[in-house]
Each structure stands twice: as C-alpha cells, then as structure tokens.
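In our numbering, the protein residues as written are 890 to 1466. C-beta: ideal position from N, C-alpha, C; glycine also. Please read these numbers as outputs of a predicted model, since none were measured by experiment. The next block holds one structure in the form of structure tokens; read it before the comments.
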Ligand code: ADP
Ligand code: TPW
Ligand code: MG
C-alpha cells in the first residue's frame, strides 16, 4: 500500500474513535429525552440543526426566533420538560431573548441555546461576526445562564441547564455555545462518559406538616371560601388531586386564564361568571399555583372589597409568599405534594363550604350566564364579538380535545369569558405579561407536542406579530385553524387622525383579507362575514386538519379601548384644544 493511503487509513480509523462538540451536544440532549428543537438556522448552528435532524431529533425551522422561542416556552409548559430554542449569535439570540424572558416570567421551563462568537474576540471587542457578550445580556432575563467552553463540559452544561429550568419554580435558562466548541474533538469513549443523564430533574418538594395544618385551620374557619387556580396548578399535572381537593372543600373556584379547564368551566363549583362577587365577598382565599400580581389587582383595592380577607397560598416558590399582601398560611412545595398532603389531612369528615355562600355564588353565575346567552346567538353581519364567539364556544364544546390559542385585546378578553374549556392545559394565551405575538409559535408547538388539532383565535393586530409563521404551519402541514377577528385595527378600526393625512395610530388597512396570506403557501383561506359562515369554515378546518386561515370580519366599531383593561391606561391632564 502506498504511504499516503496508509496514512489516510490511519486517519479514518482515528476519527472513528473521536467525537466532537456537535455530536456531544446532540447526544446529551437525546440522553435527556429532548425530542424537538425549535429554532432558526445560520452561523454557527446550521450544521448542528442538520445533524440533530439526522440523529432523529425533530428540528422545526421558524421564520423568526421570537416565534421559535415562544413555541419552546409553551412546549415546556405543556410537557414539564424544558422546551429547546436554538438561535444564531447576536441578532438571533436577541430575537429569542424576549421569549426566554417570557418563559421566566410565566414560570415555563425553557432553554435558549445560542451559538456565539469567540470569547477572545468578543471580550476585546474586536468586532467579530455578530459579536455580543450574550451571556452577560441573558443573565438578567432568565433563571440561570451557562457557557460551555470545552467539549468535555458539554454533558455537565446541558445537565445544569435542564435541572435549572425544571426544578423549583420553572423558568428560562440560557446556554451559550461559542462557535469553536462545535468543532472541538475528543475521544469518543471519554465523550460518552462525560455525558450526564439528569436524575429526578424536578424533585418532589414536600410541604411541612404544620404548614398544611395551618392552612386547613384557616380554610375550616371560612364562611365564604374561594379557591383560585392558576397556571402553576395546571402545569403541575396533578389534575385529579386538584379536582378532588376542590370538590372536597365544596368551595367555589375561580380559574385564571390558562387554568381554565383544569376543572371544566361547566363544573357546579366554577365561579368564572361570578368573578366580581367572589373576589369582593370571599373571606378566605386559597391561591393554588397563582400569583397575586396585576391580574388579580395585587390582592387588594376595590376589586377585593372592604371585608377582611385571609389568604392561603400553595406554591413551590417560598419568595412568592407575602409578595403583595400577607399570606396567613403559606404552603410551600410542589403542587402535587401540597394537594396530596391537604387531601390527606382533610380526611373523610371534612365539612364542605357553607351552602348559603355556595348557593349565592351559583345564583349570580347562572344569572350572568343567562344574560349573556342571547347575545351569543346573534347572526349579525358584519359580526360582533359575541356573535362570532358564540359560534366558537359551541365548536370548542364539541371538540374539547382541541388546543385553544388566544391573543388580542377584545378578542382575548371576550373569548376568555365566553369560551368554556373542558380539559386541563387546553387554553394557552398571552400569559403574565399580556404579550402579543405568542399566537403562531404557540399554535405550532401545541400541534407538535400534543398531536391534537389547534384553534387559534387572534386579534388582527395580535396575529401580525407572528403572522409570517403561517408558512411554517403550511410547510410542516400542521392541523392549525387560525381565526382572525378582523376589526381593522387595535381595539377598534374606527379611529381617525384629524391632524393630518396619516392614518390614526391604531388602525390598519380597511377590509384587509388575511385569508389570502395562507393561500400563498398552499393553505386554505376563507373569508367569513357571518356567524354561519364562520361555523362552517371552522368545522371544515377542524375536520380536515388542513392549515386554514379564516378572516372573520368583525364590525370595526364593536371593540373597546384595551379590551377589559382600559383602566390601566395613564390619563393626560392636559385638555385637548
Ligand atoms: P396565573 O397567571 O395563572 O395566575 P402565575 O403564573 O401567576 O399563574 O402563577 C403560577 C405560580 O405557580 C407561580 O408562583 C409558580 O411558582 C407556581 N408553580 C409553578 N409550578 C409549580 C409546581 N410544580 N408546584 C407548585 N407551584 C408551582
Ligand atoms: C409585544 C400592546 C395590547 S393588545 C394589542 C396591542 C398592540 C392589540 C389589540 O388589537 P387586536 O385585538 O389584537 O386586533 P382587538 O380585538 O382588541 O382589536 N406589544 C406587545 N404586547 C402588547 N401587549 C402590546 C404591544 C397591545
Ligand atoms: Mg383588532
């Protein structure tokens, strides 16, 4: 054999015993059960995406990192495994960062993995390709941030990221992978040994027995108890135990937006349609995986009435206690353990909530529901929100397994109130920040992670933040039906700018046909001008599973400023001339 050929053969034999950064990262993710990566390719992670796909990980390529990040965040919420988002350096990283901060704020486990430029060049600020000190930037916006510089540390880096994302209060984690790491080689055996399979990533946290007793003593003393269920309770996937606790207590319960369906909205104890009454008049409130933030008026003020209230709170995060008001009975632990401990300590002889209170709440709820009913049956054209939502309410009732995505202002607030949800973790929406732009990312992840059809109800403005991902939905042929409540703008389509020829700041092109957008990518577009047309189009889409976008024409005058939260707008004291 010629000398060159011998050398070549030796080299090949050698590389068979080698591995590199690319493969170690993939192996580490696979070892820890990662099945899907949401991202956008480019330097330095293009080949990584290809290789991950070749190695059996599903890699979903988006049109913008923010949408990939939102997809990863909600994948985390739905599965209790960290959702993975993969981006390129500086601009891609920054695009993904909004979603990472969103995941942290909402307590969703997520890992943003970004390729980055070379440390030596970044730290001397010598102007590398897409240079940025990403780790420093990320740190303020997530639960934990790590960088891996050496191939032999990849196993530990990935393990730490996973553990940080899902243990305790879940949240976003940043993992910084400089370009040079991907090509670093090491011995394959040593590489395999360096990987870490995370054992018991989110360990049970058992609440203290005296905390449980204290909580039950307070609950027992209540004349008008109320249970508030939040998305932390839905996240925990201890659905049967939570239902048992609520039923044993006999107390009315109020689901926060994404906790709707944890117990069906049609359950006799559900106080969703008597919200004002129960917040005002209750005397003991048990918070179950929900925070007393702005969404609950911080637990004080007019919304909560004048009568003194005692708060019990079940949460995995001890620092959450007393965040806004005094918590007289904090129960700290993971939700499954907390609820089990309460149920056990309640025993078989628990006296349910006083019946006069339960009856008062039920009467108010039934009254409100009855008042709403005729509005939901109108067949106006153009549609108003109630006519359109009446149709969707019935469709969701008939298809309780479908995933329901919702964003907008009026489109969000009215849909949340009107559309009943029947099963846990079916409703996913704007979350803690009231963020616009989650729509298409959430829809894509919901379809992929659950395998169920998705109905996304979107304000026309809200949709615009992630609208380009209809191409992604078509490309992966996902069973997503998008209904755009098209009222020609933000809140209303009727504003006029009297000072000049530019359009008012809140209005869009009048009579826009969003349905044409999806046709560009081979999806089904429908223009629906009446509730009857809307019903037909949505049912057809949900039956066919074909990517569909329905432009639901809503009366531009039907909405109100900021939906239900107009009171949060600052007011100018200067009188208009
Ligand atoms: P909502 O918006 O529905 O009111 P929040 O996001 O404000 O809900 O609150 C969710 C709460 O649930 C957070 O305080 C979080 O710490 C808590 N939480 C999340 N996961 C768990 C869990 N597994 N066990 C207990 N509490 C949890
Ligand atoms: C990331 C501010 C809140 S609601 C909304 C905006 C722009 C759009 C409302 O119009 P839409 O709904 O969707 O057409 P409708 O039915 O009332 O007409 N940027 C971000 N998040 C938020 N919340 C905003 C801006 C906002
Ligand atoms: Mg609108």
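Paired residues, beta bridge with residue i - DSSP
{"i": "residue 927", "result": "949, 974"}
{"i": "residue 1348", "result": "1374"}
{"i": "residue 1318", "result": "1295"}
{"i": "residue 1177", "result": "1118, 1203"}
{"i": "residue 908", "result": "1075"}
{"i": "residue 1369", "result": "1343"}
{"i": "residue 1065", "result": "1003, 1036"}
{"i": "residue 1144", "result": "1118"}
{"i": "residue 1439", "result": "1372, 1415"}
{"i": "residue 1313", "result": "According to DSSP, residue 1313 bridges with nothing at all."}
{"i": "residue 1272", "result": "1443"}
{"i": "residue 1420", "result": "According to DSSP, which records beta bridges pairwise, residue 1420 is partnered with nothing at all."}
Proximal residues to residue i (C-beta, below 6 angstroms), its chain only, five neighbours per side dropped
{"i": "residue 1382", "result": "1376, 1396, 1445"}
{"i": "residue 890", "result": "Low confidence applies to residue 890: its pLDDT is 49, below 50, so where it sits in the model is not reliable enough to give any reading."}
{"i": "residue 1020", "result": "1006, 1011"}
{"i": "residue 1125", "result": "1224, 1225"}
{"i": "residue 1178", "result": "1119, 1121, 1122, 1224"}
{"i": "residue 963", "result": "1317, 1331, 1334"}
{"i": "residue 1453", "result": "1302"}
Beta-carbon proximity list for residue i, same chain, < 7 angstroms, skipping 5 on both sides
{"i": "residue 1314", "result": "967, 1123"}
{"i": "residue 1112", "result": "1172, 1243, 1246"}
{"i": "residue 930", "result": "938, 950"}
{"i": "residue 1462", "result": "none"}
{"i": "residue 1028", "result": "1034"}
{"i": "residue 1046", "result": "1035, 1037, 1064"}
{"i": "residue 1264", "result": "1275"}
{"i": "residue 1181", "result": "1187, 1188, 1212, 1213, 1214"}
{"i": "residue 1058", "result": "996, 1205, 1206"}
{"i": "residue 921", "result": "1047, 1051, 1086, 1087"}
{"i": "residue 941", "result": "915, 926, 948"}
heavy atom of ligand 1 below 8 angstroms from residue i C-beta
{"i": "residue 1320", "result": "yes"}
{"i": "residue 1296", "result": "no"}
{"i": "residue 1404", "result": "no"}
{"i": "residue 1159", "result": "no"}
{"i": "residue 1058", "result": "yes"}
{"i": "residue 1185", "result": "yes"}
{"i": "residue 1121", "result": "yes"}
{"i": "residue 1205", "result": "yes"}
Ligand 3 heavy atom lying under 8 angstroms from the CB of residue i
{"i": "residue 1492", "result": "Here the chain covers residues 890 to 1466 and nothing more, so residue 1492 does not appear."}
{"i": "residue 1374", "result": "yes"}
{"i": "residue 1300", "result": "yes"}
{"i": "residue 1377", "result": "yes"}
{"i": "residue 1350", "result": "yes"}
{"i": "residue 1188", "result": "no"}
{"i": "residue 1328", "result": "no"}
{"i": "residue 1323", "result": "no"}
{"i": "residue 1276", "result": "no"}
Any non-hydrogen atom of ligand 2 closer than 8 angstroms to residue i Cβ
{"i": "residue 1332", "result": "no"}
{"i": "residue 1030", "result": "no"}
Reference residue i; option with closest CA among the options
{"i": "residue 1098", "options": "1000, 1019, 1160, 1229", "result": "1229"}
{"i": "residue 1161", "options": "1179, 1141, 1317", "result": "1141"}
{"i": "residue 1325", "options": "1367, 1380, 1361, 1365", "result": "1380"}
{"i": "residue 1023", "options": "1002, 1149, 1189", "result": "1002"}
{"i": "residue 1306", "options": "1199, 1163, 1422, 1267", "result": "1163"}
{"i": "residue 1144", "options": "1138, 1110, 1185, 1108", "result": "1185"}
{"i": "residue 1428", "options": "1460, 1402, 1370", "result": "1370"}
{"i": "residue 989", "options": "1054, 1091, 1253", "result": "1054"}
{"i": "residue 1258", "options": "1157, 1342, 1200, 1237", "result": "1157"}
{"i": "residue 1042", "options": "1056, 1032, 1031, 1067", "result": "1067"}
{"i": "residue 1195", "options": "1183, 1169, 1220, 1201", "result": "1169"}
{"i": "residue 992", "options": "1165, 1008, 1115, 961", "result": "961"}
Close beta carbons around residue i, own chain, < 8 angstroms, minus the five adjacent residues each side
{"i": "residue 1424", "result": "1280, 1283, 1284"}
{"i": "residue 1267", "result": "1273, 1275, 1276, 1279, 1420"}
{"i": "residue 1455", "result": "1449"}
Quiz prompt | Meets three-Cβ-pair contact criterion under 8 angstroms: the segment 1094-1108 and the segment 1216-1232 | solution = yes
Quiz item: Counting Cβ pairs, one atom from each stretch, are 3 or more of them under 8 angstroms apart for the segment 1248-1257 and the segment 1385-1401?
Solution: no
Practice problem: Specify whether the segment 1343-1362 and the segment 969-982 touch according to this definition: at least 3 beta carbon pairs, one from each stretch, less than 8 angstroms apart. | Solution: no
Quiz item: Would you call the segment 1408-1423 and the segment 1260-1278 in contact, with 3 or more CB pairs under 8 angstroms?
Solution: yes
Exercise. Evaluate contact between the segment 1354-1366 and the segment 949-964, counting only Cβ atoms and requiring at least three cross-stretch pairs below 8 angstroms.
Key: yes
Self-check item: Stretch-stretch touch, CB-based, cutoff 8 angstroms, three pairs: the segment 1312-1331 with the segment 1289-1299
Solution: yes
Quiz item: Quick one: any contact between the segment 1386-1394 and the segment 1437-1454, if contact means 3 or more CB pairs under 8 angstroms?
Solution: no
Self-check item: Touch test, the segment 1195-1214 against the segment 1062-1076, Cβ-Cβ under 8 angstroms, three pairs minimum
Solution: no
Quiz item: Is the segment 1300-1318 touching the segment 1148-1157 in the sense that three or more CB pairs, one from each, lie closer than 8 angstroms?
Solution: yes
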